[in-house]
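Residue numbers (my numbering), protein chains in the order written: chain A, 890 to 1699; chain B, 298 to 496; chain C, 596 to 894. All residues carry an ideal CB built from backbone N, CA and C; glycine is no exception. Below is one structure, written out as C-alpha cells, with a few remarks after it.
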C-alpha cells in the first residue's frame, strides 16, 4: 500500500477492483465503511461476482475476469476525452511531457521489437529521446506527437465504451457511470483510493493490471495524497515483510537484486545500478545503492566482507535465468532436475497451479523438508486419501521430514502489514509438544551444516563457515538480536572529517536510519528500508502510542512504518509546485519557506525546494511514469490480452493468445484448453469464513463453511440441470473435481463479443487435512503459467466444463 | 468518527506487551459470589493478557491473548481466549471470523508436536527426536550441495550457485525469522528461493 | 453499565416480583444491516465467548452455516438475494438473526418454570438454566422463533446479550468483534440517535424507505435493526412485519402468574394449550416429546 488502512477513512471514492476487501480483509474494510458513513464517500465494486464488498457498495459493475486492462484503459480514455485530468499534477509530476524515441510503436497487440521465437521484446526503442546534456527530452507544451501524453492518448483510443462492453461484458451504462464517478476525483479536492489484491495479480498480465490503475490514479492526481493511493491488500500477515526482506530468487533485502552471470565483479554489478538522474537537480535515491549493498554484505559476512574481496561479492550466487520462482522450481522438479525442497510454512501442494504436475514433481524429489505448525497436504503428498489424494505411497521414494514449528501465539517478533507497519508481538502461550520456533530450527540446521563443512570440507564452504552469526546463544538467536541486525549497526568508528576528536558514527551503536549507511564497510545493515526500526531509541516496532493529532489517520507513534516511519509514500506529491496542499482540508506536508513539515515524515529531503526537486525520488526522472520505458517485459503501456484460456478471441489483437511474452514451459502450452472443449470461464477466490488452507484446521471456521462448493448462475444451472446443494463435477484440461453447487443470482452470464459467457466460481479453501470436510482446491484445475513480469500464476481466469453428478459414494 | 478509542492506558514501552487483567475495578468478585446462579461468571477473571498480532491477512489486527499461567514467572501458559485489541488503531478491538476463531487455530487437533520422518516408499510418518531430524536434514543438504554446487559457469565466470535444492519461505513468520532464514539459505548459495508473495 | 443483580430484575418467569425503584439505563444492540458484510465474525465470536461448538456440517447450496439457530449457535447470518423491483438491481440482504430482547418478552410470558427466564431493567432477557425445565414453551412464546432446546441437557438456549460481559462493563462479544461496526452496543437512547444518522445517510443514497426496526407489538426491542427497506422487513429472511406475542401465550401467562408450575398438573389444560400453541409454531416432534417427558417426570 502507498497509504495505510487507517488512511482510507480520508477518501471520497473507493474503487474495489481486482480484490474483495470486505471478504478477504474485513477489519481493513472497516475504514471503507467509515469513509462512507462519516465522509459520504462512495464505493464502486467491479468484479465478475457480486461479492460481499459489492453487497455494501453504491455501484456495482460486472466484468469478465481477465479484462481489467481494457476496462481501465477505457476509463483513462474517458478521462482524457472529457478533460477529467488533474493537469497541474500530470504536467509536473508525471512523465507526460517526456519525448519517446523514434522507433517505438504499438500495432495489433504488439509493441516494437517483438521476437516470437523468444516470446520476448527487444526493448531498446521503449525509451526517451535524450538531450545533448544527457537528460531526457521533454515538451512541456504537450504538442510533440511523440510525447508520452500523446502516445498514451492514441494508445487508449481503442478502448471506447463500446469496446469495453464488447471485451469486458460490462453494460455500457454501468461503465459510463463508473467513469463519471472516477472522473470527478480529478478535482483537486476529490480523492479516490484503489484497493486491489490477487484479483489483479493472478493473471498472466497481473503487473500491467496494476499499472493501468496506477496510471489512472496519476492522471487524477490521487497518488501521494491522504485518502488516495494504490493500495495492494497483501494476502498474508507478513508477506510484505518477506518480500521486503528479499526472500525471493532474485532479490536481496530492500529490493536490491542478486547479481546475474554477466556481472562478474562488484564494479560491473554497480555499473547498471548507477541511476543517474534523467533531469537536472533530481534526487534519484537509488544513487545510494552501493551503501545499502555493502552494508548488507557486512551484515551477512561481517569481517569476512572486506574492500579487498569486493565485500564478499563472490559469496553471493549469480543467476543464469531471471528467477527460480516457485513455478520454475516445480518445473525443474518435474523434469527431475532437483533433489531437495524445503517448505517453511508454505503448502504448495494446494498453493501452486496444476496439482497433478505438483504431485509428480514432489514424487521426483529425494527429500522434502517441511516446517509448519500444522499438518499440511504438502507434508502428506505421499499419503493416500482416496479421491482427494490418489497416490500410491509405495511408489513414492521421497524422504519427508516434518518439523513442528510454533505459531504466532507462541513466538515473538515483528510482522509487516500491508500499510508497511512493522508491529512487534509477544508470546502468550507455550507451544504444544516439542514444537520449536523457526529461528531455532534455522539456527540448528545452520550450525550442523557449518560443523559438517568445518569437519569434512566440501563445495565452497567459505560463505557458510564465515557467515556472521553474532548471537548470544548461537543455537537460538533471539528476535531482538535479529531485529537489531536488520536495523543496522556501526562496524567501525567513523571520525568527523572536520574534527578528528569527534566521531560521526560510533562502533557498536545501532544506526539511526539508512541515511547514515556507508559503502566503505564501516556500517552493517540487514535490510536498508527497515533501518530505523530498532535504533538507539529502542525497539520502535513495539511502540504503542495511538495518538493521532487532528485525526489524520497517520498514527506516527504506533509501531514503525518503513521507510523511516513514513506513513504515506510520495507524500510530497500532496502539495503543488509551491509546496501548498492541493486540498487544504487534506494537508499532509507543506513547504514553510525553508523546509517540509506536517503530519507525516516528508518523502523528500526536508530542505528540497518544491519547484526544483520533484516528488518521485526513487525514479531517476524525479517524476512518476505513465510510460514505463523498458522496465516491464510486456510493454511500456498496458494492453489488453486475453487469459491463456479464454472464452473469446482477443477483440483488439485476434492473433495473440494470452500475454505474448509470458513464460510458458514446454508441455504446458499443450495443457491449455480451448473454449470449444471447455466452454465456461472459471475463476478462483477466497471466502471470508476461511483463510487459505489454514482455517480448515480450525474447528469453528470449518463450521462456518464446512464443505467445498462451486458457484454458478441460475441461468447456467438451468441450462445444465444443476440443483443448488446438489453435486457437480468440474473439469479442465488438467484435472477434475467434485463439489457441491451453490446456484446464485450473484453471478450472471455476461455477453462478450456477441457471445454468452458463463462464469464458474471456485473458492479455494479445501483439501484433505484438517477439521473441514475433505475437498479439492482450484489448483487441481488451474493452468501452469504466470505473469510475464513476476510469475504469479494465472489463477483468476481459466476454462472449465461442468455437469451435475449423483451424490458420490463417500 | 464513531469509533471510540478505548480509554485503556496507552502502552508505549516495549516491555508492556504483557499486562495484567484487572477485573477488580469492576467489582466482579461480588457479582460472582452473589449471583452465580443467574449470570455466567466472567471467564477472563485472573487471566494474563499478552499483546499479539493476528497471523492471517495483512491488516495485522491487534489481538489480546488471555492465558492461564504466567510465562514471565516461568510457568507454563495455556491460552484460553483470544479477542481483538481495543487500543489498536486499525482494528479497534474488532476481528473477522478467522481472527475471532484464533483460539481454535492455537488448539487445533492437527497442530504438530513432534518431528517426524516418512521413509521412501513408506505409508506412515514415524516420530524421531529433534537431533535425529536435524542431523538428517543437515546431512541431506550437504550431500546434495557438495554434489551439485556450480562454482563456475561454462565461460569460467564464478557463479557459486546451488540449484538442486530449493527453499520456499513462509508468509506468516516474523521478519526476524525471515532474516535468519535469508542468511542461512543465501549463504549456502541457494537460488531456488521463493515465498508466498507470488501466490 | 453496572453489574447485573437480582435487584435489577423487572420480570421473572412464573413468578411475581416487585421491581426495584432504581432502574438501569436501557441498553440496545443496534444491527445496521446496511453496514453488514455477512462475514460471520459475530457467529464465531459468539461460539468462542460462550465456549460452544457446532458439528462441522455440510453445504446445502447456501451460505448459512449452520442452517438454523441451534442450542449452541445463538446467532446466525441469514442471506437473501433480492432483486429490487424498482431498480432491477440485485441486493444481497444479510441479517444477523438472534434474540431481540423484547421489552415485552413472549418467551418469558410463556415460561411455566419459575425464574427460568428473567428480564433485567436494562432490557436484557436472560435464561437461567438451573431453573429451566426444557418444556419448549419459550419457543412457542417467541414471535421470532429464537430459543432452541439442547438435546444434551434438555434446556433452552438463546443469546444472553452477553449478560456476563455487560455485568462487567463490556459490550456483547458479537458487537466487539464486528469488523465494520455493523453491530454496536450502548444505551437504547444512544443507539436510536445513531440509527437516525444512519437513516439520514441511507436516504441520501437513495434508500427512501430506510428506517429502524424496533417493533411496537412486543413493546420495542433491545436489539434493533437499521434496514434499507424498513417498509418491507419480511424481505430480510422473513423478519416479521408486526411481531406480537401469540394470544394463547397471554392466556397461559394468566394461569402461571397465579398458580405457578403446579398449575400445569392441576388444571389439566396443558394438552389443550400445548396443542394450540404447537399449531402456531415450529418445534420438532422430538423436542415436543422431550419437553413432555421432562414435564411429566416433574409434575
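Cβ neighbours of residue 349(B) within its own chain (closer than 7 Å, five residues either side excluded): 360 and 362. For chain A, the residues of the region 641 to 673 of chain C that bring a beta carbon within less than 8 Å of one of its beta carbons are 642, 643, 648, 649, 650, 651, 652, 653, 654, 655, 656, 657, 658, 660 and 661, in chain order. DSSP places residue 1310(A) in the strand class (E or B) of the three-state scheme. 1612, 1613, 1614, 1615, 1629, 1630, 1631, 1632, 1633, 1634 and 1635: these are the residues of the region 1611 to 1635 of chain A whose beta carbon lies less than 8 Å from some beta carbon of chain C, given in chain order. By the neighbour-count criterion, in which 16 or more other beta carbons inside 10 Å mark a residue as buried, residue 1583(A) falls on the buried side.
Those residues of the region 752 to 766 of chain C placed with their C-beta closer than 8 Å to a C-beta in chain B are 755, 758, 759, 760, 762, 763 and 764, ordered along the chain. Interface with chain B (8 Å Cβ-Cβ cutoff): residue 1146(A) is excluded. Nearest neighbour of residue 480(B) by Cα position, chosen from 1391(A), 1191(A) and 1591(A), turns out to be 1191(A).
Contact check for residue 462(B) against residue 441(B) passes: the beta carbons are separated by less than 8 Å. Here residue 1607(A) is exposed: its Cβ has fewer than 16 other Cβ atoms, across all protein chains shown, within 10 Å. As the crow flies, the alpha-carbon of residue 379(B) is around 8 Å from that of residue 398(B).
By the beta-carbon neighbour count (other beta carbons within 10 angstroms, threshold 16), residue 1474(A) is exposed. Membership of residue 1232(A) in any alpha helix (DSSP H) is not indicated; the residue belongs instead to the beta strand (DSSP E) covering 1229 to 1233. 8 Å or more divides the Cβ of residue 1447(A) from the Cβ of residue 1461(A). Residue 676(C): member of the beta strand (DSSP E) spanning 670 to 678, first to last residue. For residue 732(C), there is no enclosing beta strand (DSSP E); the enclosing alpha helix (DSSP H) covers residues 732 to 736.
Residue contact with chain C for residue 1604(A): absent (no Cβ-Cβ distance below 8 Å to any residue of chain C). The shortest C-alpha to C-alpha distance from residue 1651(A) to any of 1325(A), 1658(A) and 1630(A) is the one to 1630(A). Within the same chain, Cβ atoms closer than 7 Å to the Cβ of residue 620(C) are found at 717 and 782, the five residues on either side in sequence being excluded. Going by DSSP, residue 714(C) is part of the beta strand (DSSP E) stretching over 712 to 715. The beta carbon of residue 1522(A) sits closer than 6 Å to those of 1550, 1677 and 1678, all from its chain and outside the five residues before and after it, given in chain order. Per DSSP, the unbroken beta strand (DSSP E) holding residue 932(A) starts and ends at 931 to 936. Here the alpha carbons of residue 432(B) and residue 1091(A) stand approximately 39 Å from one another.
When the beta-carbon positions are compared, residue 1441(A) and residue 1488(A) come within less than 8 Å of each other. Counting along the chain, residue 639(C) sits inside the alpha helix (DSSP H) bounded by residues 636 to 644.
When C-alpha distances from residue 947(A) are compared across 921(A), 1562(A) and 1342(A), the shortest belongs to 921(A). Non-local beta-carbon contacts of residue 1074(A) in its own chain, meaning distances under 7 Å to residues more than five positions away in sequence, involve 901, 902, 1080, 1081, 1109 and 1111 in chain order.
When secondary structure is reduced to three states using DSSP, residue 1669(A) falls in the helix class. Buried is the label assigned to residue 458(B), since at least 16 other Cβ atoms lie within 10 Å of its Cβ.
Taking a Cβ-Cβ cut-off of 8 Å, the neighbours of residue 1577(A) in chain C comprise 632, 633, 634 and 635, given in sequence order.
Identification of chain B residues near residue 1368(A) by a Cβ-Cβ cut-off of 7 Å yields 471 and 473, ordered along the chain.
For residue 968(A), the CB contacts under 8 Å within the same chain, skipping 5 residues up- and downstream, are 974, 1068, 1071, 1072, 1075, 1105, 1108 and 1109 in chain order. Taking a beta-carbon distance threshold of 8 Å, residue 916(A) counts as an interface residue toward chain C.
Among the CB atoms of chain A, none fall inside 8 Å of the CB of residue 844(C). In the DSSP assignment, residue 348(B) falls within the beta strand (DSSP E) that extends over 345 to 350. Annotation: residue 750(C) has no Cβ neighbours in chain B at a cutoff of 8 Å; minimum Cβ distance is about 14 Å.
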